[in-house]
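Residue numbering for the sequence shown follows our numbering, beginning at 752 and increasing consecutively. Working notes for the structure below.
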Amino acid sequence: MDVKEIDRIIEMCWEDRTPFEAIEYQFGLKEKEAIKIMRANLKRNTFNNWRKRVAGRKTKHQALKDSDRFKSIHKK
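Below, the structure is given as structure tokens:
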């Protein structure tokens, strides 16, 4: 995985509305693998703050979302 891909994964992890399932779809990474990338590339305090922020957050887990939003077939 190159630096550009890692940067994009980190960006998607920080985005509130991007579910982990979208990261899995685009990069083939499960949630735990995305968390490992975050842990390896962020400062400890920054990582801990991010984990607190996304823990149990409905928007980060597709299964917890209430609505079916439109997903373009052109988006990967």
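Cβ atoms here follow ideal geometry from the backbone N, Cα and C, with glycine treated the same way. Remember, it's a predicted structure, so these values are computed and weren't measured experimentally.
Where residue i sits in the DSSP three-state scheme
{"i": "Met763", "result": "helix"}
{"i": "Asp753", "result": "coil"}
{"i": "Lys803", "result": "helix"}
{"i": "Lys811", "result": "helix"}
Bounding residues of the alpha helix (DSSP H) (the contiguous stretch that carries residue i)
{"i": "Lys794", "result": "From DSSP, Lys794 is part of no alpha helix (DSSP H); its letter is neither H nor E."}
{"i": "Ala773", "result": "Phe771 to Phe778"}
Proximity winner among the options, relative to residue i (alpha-carbon distances)
{"i": "Phe798", "options": "Glu756, Trp765 and Val754", "result": "Trp765"}
{"i": "Lys809", "options": "Ala791, Lys803 and Arg768", "result": "Arg768"}
{"i": "Glu762", "options": "Lys781, Met789 and Gly807", "result": "Met789"}
{"i": "Lys811", "options": "Lys783, Asp758, Val754 and Leu793", "result": "Lys783"}
{"i": "Gly779", "options": "Lys803, Gly807, Arg804 and Glu756", "result": "Glu756"}
Integer Cβ distance of residue i from residue j, believed to fall under 8 Å
{"i": "Phe771", "j": "Ala785", "result": "6 Å"}
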